[in-house]
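What follows is a short report on a single structure.
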Amino acid sequence: MNKIWLIIQREFLNRVQKKSFLITTILVPLIFPAIIGGMIYYMVQEAELAKPDTVQVVDESGKFSFEDSKRFIYTKVNVPLEQAKKAYNETEDFALLYIPQFDINNPVGLTLYTKENPSIEKIGNLEGNLAERIRELKLEQYKVDEETLEALKTSVSLKQVSLSETGEEKSSSSGLLYGVGFVLGILIYMFVLIYGIQIMQGVIDEKTSKIVEVIVSSVKPFQLMMGKIIGIASVGLLQFTIWILIITFVSSSMLAYFGLKMPQEQMREQITKQMSSPEAQEAVASQNTEVVEFLGMLNEVNFAKIAAVFIFFFLGGYLLYGALFAAVGSAVDSIQESQQFQFPITLPLLIGYMSLFFVILRDPHGPMSFWLSIIPLTSPVAMVGRIAFGVPTWELALSMILLVGGFILTTWTAGRIYRIGILMTGTKVNYKVLAKWFMTKN
Amino acid sequence: MEALSVKNVTKRYTSHVALDNVSLTIPEKSIYGLLGPNGAGKTTLIRIINQIINAEEGEVFIFGEKLKEDHVGIIGYLPEERGLYKKLKVGEQLLYLAQLKGMSRSRAVEQSKKWLKKFQITDWWDKKVEDLSKGMAQKVQFISTVMHEPRLIILDEPFSGFDPVNAQLITQEILSLRDNGSTIIFSTHRMETVEDLCDHIALINKSKKIIEGPKKQIKDQYKSNTFIVEHKGNHLQLSSDRYQIVRQETLEDGHYVTTIKANNDIRANQVIRELIDKTELQSFREKIPSMADIFIDLVKGEDDEALRKHLQEAV
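Listed in order, the protein sequences are those of chains A and B.
My numbering numbers the first residue of the first sequence as 12 and each following residue consecutively.
My numbering numbers the first residue of the second sequence as 5 and each following residue consecutively.
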């Protein structure tokens, strides 16, 4: 036991003391906001700086009158189309829009001539403008005025209440639950993949540097494998914790910088306003109910339970896959060779990840979601995706037991391959060889 | 007491038998040479002693106790395929390896400093292994093998890849470790090492032990009653069929070197008596077979026998 502890310590320090650890730990959480921020900035800049495009219009229907906007300047051309086309070709203008006589119930034949292929965005904008105008024409035709139309618009927002097994009522929001499941599922997927590959890399390094025979003359191969898996897990937990702290800090300070106040603060302000001007009370109250309801829902979601389940599946999933990655590392002599064996390991992980979007978050209580969250290879991602939506206790218990069982099974299997593999350099390994190693007596 | 006693150890792999009923007795404070061609089963045996793999049949006793997990601390092992953590500093590396052998951290610090000082490389403590030359890394490997003061040191082809200066240095350390009470097992197929250092020897070929014992005894056993004579004046002519001239070389000024094989019942003195009247003797010595000769004879003999058997079966 003491020796496993030594290995855990060593593996942890080896990685944490590296400069690259410091760099990735600090940079990764900054990169994504930086990229997103940069893109938004660029888009805003472009939109602001962009000159409006000139569109020549040949309107045979006579139904249109265009107003110039930020994007487009319209110039009417009162000549036949063929002539207009020739004239257009000699100008620098963006496009020539041809509107023939048409039936407003079936607007066909509208054509846009351009010199280069225009972006979807510009086409969309133009189409939107045309549709808007045709809609107005239709309103006139049906003798409907704008106000009636406005009055027809009805918005219904279902208040969601889930009845628990004990009959307790909880209001919930699918959107919120979706978000929780989405983020947690991705976190597990990323963690398992990133640190699983680190385990594999570590095993390959030990094998190729030939230190491993010295080590296994002091400790059992299984101890070495577990020490490495746990050591790297602690590096990962540390790194994730730092990332979450940095992201929280950066995002809250960004929000503050852009003048967006945190919801609590907003509420407090509103409450003070309410107190000072009783007349405004009603108006503010209606606005407030939504915020209050949302916050109420946040309270209703059992975060303690979600966190506990998340940590369990986070570690369980990592351990389950970690041992498999270690076994792959032990079987090969270089990272290039590892590809063929990595695939069957990453496949179920990927299935879990993909099904998060296509199955679990869409239908968290369906049979597919059930099975994906029960089978140990996909359950870490699938179960945390489902958990916020409420999972019956027996399903959760079954999934947890199977995950522990799966972890023991993969670790045992991997350990048997690992103990032989680490001492075999320069052998051509295929699945048959792996099976042979697995069967070899100690 | 015996440092190590291997009793009837057999290890099979799916395709072949790596060790076939091998027994060895390694006396304490000896330098024991484990010889054999590549693939004979030496490394398998060493891995069994190091508990990296288990024997299928048979037992191993170390200093009188049945081998168990705790014993890794009293063994120092330098494998043939050896390396170090490339990214780790020399000091950290030594401490880690010694601690894995069960040494306390403070004692490990003490020992590693002592050894670095002994090799006059104290300033390497903070160097990464990847920045060391091959020869430098070998020194660090050797230190990591012996710094936890093992009573049994197992060196698998220790000199392969060593430059002569390092080899000399390590040889000296090995001798002084033996003098301080350690037992050393060499696994090698380099005969000069055996000739110079080992006092006990075992030969393994094709998974089986062929011969074992003190080096002197084995050499005596394989003497062929052959003598080398330097003499002057004339070509040697022996009339008796009890002697046989194996070869005769002529040196300058009428000096000769003659190799004589005598029948087994003839003693050296009788040979001298026979020669004294026939030539002017300048030197006379018995030809002691080198380990290389014995090794090759035995291994070849085995092969020939196997070949003969094979042919017979074929007929």
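Where is the CB? At the ideal position from N, CA and C, for every residue including glycine.
Everything numeric in this text was worked out from a predicted model, so none of it was measured.
| Asked | Found |
| --- | --- |
| Within 10 Å of its beta-carbon, does residue 16 (chain A) have 16 or more other beta-carbons around it, so buried, or fewer, so exposed? | exposed |
| In whole angstroms, what is the alpha-carbon distance linking residue 10 (chain B) and residue 71 (chain B)? | 10 Å |
| In chain A, what lies closer than 7 Å to residue 83 (chain B) by C-beta? | 224 and 225 |
| Per DSSP, which one or two residues make a beta bridge with residue 69 (chain B)? | B:66 |
| At the 8 Å Cβ level, is residue 195 (chain A) part of the contact set with chain B, yes or no? | no |
| Pick helix, strand or coil for residue 193 (chain B), following the three-state DSSP scheme. | coil |
| What residues from the segment 11 to 40 of chain B come within 8 Å of chain A, judged by C-beta to C-beta, listed N to C? | 17 and 18 |
| Let me see if you follow: with CB-CB separation under 8 Å, is residue 445 (chain A) close to chain B or not? | no |
| Give me the Cα-Cα distance between residue 244 (chain B) and residue 231 (chain B), rounded to the nearest whole angstrom. | 16 Å |
| Count the other C-beta atoms from every protein chain shown that fall within 10 angstroms of the C-beta of residue 139 (chain B), then say buried if there are 16 or more, exposed otherwise. | exposed |
| Quick one: is residue 271 (chain A) buried, meaning 16 or more other Cβ sit within 10 Å of its Cβ, or exposed? | With a pLDDT of only 49 at residue 271 (chain A), under the threshold of 50, the placement of this residue in the model should not be trusted; the figure read from the coordinates follows. It counts as exposed. |
| Which residues in chain B sit within 7 Å of residue 427 (chain A), going by Cβ to Cβ distance? | The contacting residues do not exist; residue 427 (chain A) stays about 13 Å from chain B at best. |
| Could you work out which residues of chain A lie near residue 88 (chain B), taking near to mean beta carbons separated by less than 7 Å? | 220 and 222 |
| Quick one, which of A:416, A:189, A:50 and A:242 has its alpha-carbon nearest residue 368 (chain A)'s? | A:189 |
| For residue 263 (chain A) and residue 257 (chain A), I'd like the C-alpha separation in whole angstroms. | 10 Å |
| Checking 8 Å against the spacing of the C-beta atoms, do residue 128 (chain B) and residue 151 (chain B) come in under that value? | no |
| Would you say residue 228 (chain A) faces chain B, with C-beta separation under 8 Å as the test? | yes |
| Just how far apart, CA to CA, sit residue 144 (chain A) and residue 49 (chain A)? | 36 Å |
| Grab me the residues of residue 208 (chain A)'s own chain with a C-beta within less than 7 Å of its C-beta, minus the 5 sequence neighbours each way, in chain order. | 336 |
| Would the beta-carbon of residue 278 (chain B) fall within 8 Å of that of residue 259 (chain B)? | no |
| Whole-angstrom Cβ separation of residue 72 (chain A) and residue 110 (chain A), contact assumed at under 8 Å? | 5 Å |
| Should the segment 202 to 211 of chain B be called in touch with the segment 35 to 42 of chain B, which here means at least 3 C-beta pairs below 8 Å? | yes |
| DSSP three-state label for residue 291 (chain A), please. | Confidence at residue 291 (chain A) is low in this model, with a pLDDT of 49, below 50, so its placement is unreliable and the value that follows should be read with caution. Here residue 291 (chain A) sits in helix by DSSP. |
| Where does the unbroken alpha helix (DSSP H) through residue 127 (chain A) begin, and where does it stop? | It is not in any alpha helix (DSSP H) - residue 127 (chain A) carries neither H nor E in the DSSP assignment. |
| Please report the straight-line C-alpha distance between residue 387 (chain A) and residue 41 (chain A), rounded to a whole angstrom. | 34 Å |
| So what does DSSP say about residue 183 (chain B), is it helix, strand or coil? | helix |
| Can you tell me whether DSSP reads residue 145 (chain B) as helix, strand or coil? | helix |
| Residue 199 (chain A) and residue 391 (chain A) look like a contact to me (Cβ under 8 Å); what is the Cβ gap, rounded to whole Å? | 5 Å |
| Anything in chain A within Cβ reach of residue 103 (chain B), meaning under 7 Å, just list it in chain order. | 17 |
| Excluding five sequence neighbours on each side, which residues of the same chain lie with their C-beta closer than 7 Å to the C-beta of residue 160 (chain B)? | 47, 50, 82, 83, 84 and 191 |
| Interface residues of chain A around residue 54 (chain B) at Cβ under 7 Å? | 228 |
| Apart from the five residues on each side of it in sequence, which residues of its chain come closer than 8 Å, Cβ to Cβ, to residue 134 (chain B)? | 90 and 91 |
| Say whether the segment 417 to 433 of chain A touches the segment 221 to 232 of chain A, bearing in mind that this needs 3 or more beta-carbon pairs closer than 8 Å, one atom from each stretch. | yes |
| Would a C-beta distance cut-off of 8 Å place residue 18 (chain A) and residue 238 (chain A) closer than the cut-off? | yes |
| Can you tell which of B:257, B:239 and B:265 has the C-alpha that lies nearest to the C-alpha of residue 247 (chain B)? | B:265 |
| What do you reckon, are the CB atoms on residue 202 (chain B) and residue 223 (chain B) nearer than 8 Å? | no |
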